[in-house]
Each structure stands twice: as structure tokens, then as C-alpha cells.
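For reference, the structure discussed in these notes is given below.
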Amino acid sequence: MPTPRTSRPSTLTTRTLPLAVAALLTLGLSACGGAPAAQEPTDAVTPAAAPSAVDPAGSDDATTDSGNGSDVVGRKFDLGTIDRLEDRDGVPVAVLDRFTAKGVPDSDIAEHGLAIKPFTTPPFENLGRTLFRIPVSPDATFVYHHCVAPDQPVQSQSSDLHQMSSLGEPEDIVVVTLDEEGVMTHAENEPGC
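Quick look at the structure:
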């Protein structure tokens, strides 16, 4: 005759259930920021921030930060449109959308700049909307060039950073002169006719 089942719970269930619950609670606390009691402290290493342009895609021309926040340290010149102005601890910063001149390597522009001359067909190409922060020297100078007509002389006048940043097409391409720390010391626009 078979033995009748008793209502007493299985020993296996009464012993393993509390252990399983404790294990799940420990895992749950660890996942929510709690640490298991037997964990040893580890040394935290914070990697140094890599230099980058404003655009995360970056460019090979973005160089180390000289402490002033410039993304263009090492270049003597740059070319592009001033996308916007920012303020960094009271220092104006121009955010430049870099362009190149058709047929002129960017490395040549970085080293030698580009001659200012009127144009009717824009000889510039946008380098993929890559933005670079350039601090502006308090002594920086600005020249605005305006082309009335291709057969007329270019009109030039002293300008300021705000006027240069608000130029519209086709006059919004600026040639920027930089010091050794990547700070803008001069800018003038290419006059589109």
C-alpha cells in the first residue's frame, strides 16, 4: 500500500527558497547601485578628454586644447562661416563652420591663408559642417569687404566680430588669422558679387 502524503513541506523547498530569495535580492541590489559586502575597492581612472571639434565626427585638424578652449591650435589661418558666437568666462568665442577653397588643400589654407578677392561663382566648399571653437582676442581686428559689381572696386571698411558673424551669403566666408594658441587675431570676409 502506498504511503499517504503528509502536509509537511519538502525539506528541499524550505531550505532552498530562502537562499534563492537572498541571492536574487543581492543581485537586485548590485544592479541598482548596492555593492556586495565582499567587494574590494578599485582605483578609478578618468581618461583625459580627447580634443575634438564641436561636431563629434571631428576632423584631423582639431588639436589639443591650449587651455583657452581653442579647437584650432597649430593652424595659422582658417576659412569658413561664423556659425554663432559663444561666451566663455567673458571671452568671445567664434564657432567656425570650416570651408575650403576649391582646388586648394586645407593644409595650405591652414599654413598660408587665402587671398581676399571678389568672386561671382563661389569658389568654396563646406567641409561637412564641421564646427570649431575659436576664442577671439580682445585686440582682434575685422575688415568687411563688399562687392557692388564685378567691374567695380571692392569697398572695404573696419568691422567688428558681431557684424562678421551676421553676414549673409555670398559675403559670409571669412579668412581668420590665428596666433600660436589658436586665438583669432584678425578676420576679413571674401567679397561675393
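Going by mature numbering (1 follows the signal peptide of the UniProt record, and there is no 0), the letters in the sequence shown line up with residues -37 to -1, 1 to 156, in that order. Just so it is clear, CB atoms sit at the ideal spot from N, CA and C, and this is done for glycine as well. The structure presented is a predicted model; accordingly, all values stated were derived computationally and were not measured.
Count the other C-beta atoms from every protein chain shown that fall within 10 angstroms of the C-beta of residue i, then say buried if there are 16 or more, exposed otherwise.
i	result
S33	buried
N89	exposed
E143	exposed
D60	buried
S128	buried
D102	exposed
Name, in chain order, the residues that DSSP records as bridge partners for residue i.
i	result
residue 171	The structure shown does not extend to residue 171, since the chain is modelled only from -37 to 156, so the question has no answer here.
V56	E49 and P98
E88	T63
T44	D60
G76	According to DSSP, G76 bridges with nothing at all.
Who are the Cβ neighbours of residue i in its own chain at under 6 Å, not counting the five residues just before and after it?
i	result
T104	H149
P81	C110, V117, P154 and C156
D69	T63
Q120	Y107
R38	A73 and L141
Does the beta-carbon distance from residue i to residue j come in below 8 Å?
i	j	result
I72	L42	yes
residue 159	E151	Because the chain is modelled from -37 through 156, residue 159 falls outside the range shown and cannot be assessed.
G131	V35	no
M147	V99	yes
P113	T83	yes
D50	V58	no
L48	V54	no
Which same chain residues end up closer than 8 Å to residue i when comparing Cβ atoms and leaving out the 5 residues on each side of it in sequence?
i	result
F87	L42, F62, T63, A64, K65, I136 and E153
F40	I72, A73, E74, H75, G76, L77, V138, V139, T140 and L141
Q126	F105 and Y107
V67	L77
So, for residue i: in the same chain, excluding its five sequence neighbours on each side, which residues have a beta-carbon less than 7 Å away from its beta-carbon?
i	result
S122	F105, V106 and Y107
P133	P85 and G155
*Pick out the complete beta strand (DSSP E) segments inside the segment 102 to 152, 3 residues or longer, and give them in chain order.*
118 to 121, 137 to 141 and 147 to 152
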